[in-house]
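Just so you know, the protein sequences line up as chains E and B, in that order.
Using this note's numbering, the first residue of the first sequence is number 1, and each one after it goes up by one.
Using this note's numbering, the first residue of the second sequence is number 1, and each one after it goes up by one.
Below is one structure, written out as structure tokens; comments come after it.
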Amino acid sequence: AQSVTQLDSQVPVFEEAPVELRCNYSSSVSVYLFWYVQYPNQGLQLLLKYLSGSTLVKGINGFEAEFNKSQTSFHLRKPSVHISDTAEYFCAVSMNSGYSTLTFGKGTMLLVSP
Amino acid sequence: DAEITQSPRHKITETGRQVTLACHQTWNHNNMFWYRQDLGHGLRLIHYSYGVQDTNKGEVSDGYSVSRSNTEDLPLTLESAASSQTSVYFCATGDSSDTQYFGPGTRLTVL
């Protein structure tokens with residue numbers, strides 16, 4: 001079985017500051033990793049994903065994440081955040097089979113203030 | 001553009017009534033999923049399907065059922081609605097890389 005831990009339930013930052021949202025996972029098999037963003041009263045939108053290859057993955061809206069197999073981590077970063085990045089961010093893992101369900105973390109609320 | 005639609009977007013019902021939430025996708029994906037989202041619990045998987053006539057139970061399936069008669073639709077039925085089933089429900093489809101695409105959600109209130 002897999003599990004995902006998002007270490008921070010809430011991260012407050014000021015506009016134009018850098019941010020890192022942390023995600024650790026546990027799995028006994030190879031995994032695919034995902035970050036999703038959820039704006040208020042909306043569904044989840046895919047931000048980026050790691051399937052294989054380069055461990056640094058770039059996504060939409062200037063976000064990137066780095067897969068670290070030895071640390072079992074997949075932290076999300078952005079060098080300079082905007083007010084519009086205020087949202088909830090979910091990390092998820094699957095067993096990379098094409099028939100796998102996703103296991104989600106409990107989410108991190110990013111609060112960007114002026 | 002391919003999309004997922006959910007209906008209704010908002011629903012208020014009474015305890016004990018049967019409720020069906022619709023999910024329709026034009027992605028042509030075989031994999032479809034239903035989740036519920038509650039404060040403090042994140043997203044929890046209710047049921048999922050890997051193709052027509054295939055259904056599987058998720059983490060929190062008690063009190064819910066699904067049926068898959070075609071590729072496009074996976075309706076979720078609450079047999080006898082309970083107040084504990086007040087939640088936001090999301091439908092999703094999945095491709096061969098396990099990437100899932102989510103609908104806009106249905107907010108269900110059971111009084």
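In this text, a Cβ means the ideal position worked out from N, Cα and C, and glycines have one as well.
Of all alpha-carbon atoms in B:THR109, B:SER96, B:THR5, the one lying nearest the alpha-carbon of GLY51 of chain B is that of B:SER96. The beta-carbon of TYR32 of chain E is placed less than 8 Å from the nearest beta-carbon of chain B.
Contact between the segment 96 to 111 of chain E and the segment 10 to 26 of chain B is absent, with fewer than three C-beta pairs closer than 8 Å. Under a criterion of Cβ atoms nearer than 7 Å, no residue of chain E is adjacent to LEU111 of chain B; the nearest Cβ is some 21 Å distant.
Taking 9 Å as the upper bound on Cβ-Cβ separation, chain E lies near residues TYR48, TYR50, ASN56, GLY58 of the segment 46 to 58 of chain B. For LEU43 of chain B, the nearest CB of chain E lies under 8 Å from its own CB, placing it at the interface with that chain. GLU64 of chain E is not a Cβ neighbour of LEU51 of chain E, given a cutoff of 8 Å.
GLN100 of chain B has a beta carbon lying within less than 8 Å of a beta carbon in chain E. Contact of SER87 of chain B with chain E is not assigned, every C-beta pair being separated by 8 Å or more. ASN30 of chain B carries a coil assignment under DSSP once its states are collapsed to helix, strand and coil. Taking a contact as a CB-CB distance under 8 Å, the pair PHE33 of chain B and GLN85 of chain B does not count as one, their CB atoms being some 17 Å apart. With a contact defined as Cβ atoms closer than 8 Å, CYS23 of chain E and HIS75 of chain E qualify at about 6 Å.
Contact annotation for PRO104 of chain B against chain E: GLN42, GLY43 [CB-CB distance below 8 Å, chain order]. Against chain E, the CB of SER61 of chain B has no partner CB under 8 Å away; the residue lies outside that interface.
Listed in chain order, the non-local C-beta contacts of THR5 of chain B below 7 Å within the same chain comprise HIS24, GLY103, local neighbours out to five positions each way being set aside. For SER67 of chain B, the closest Cβ of chain E is not nearer than 8 Å.
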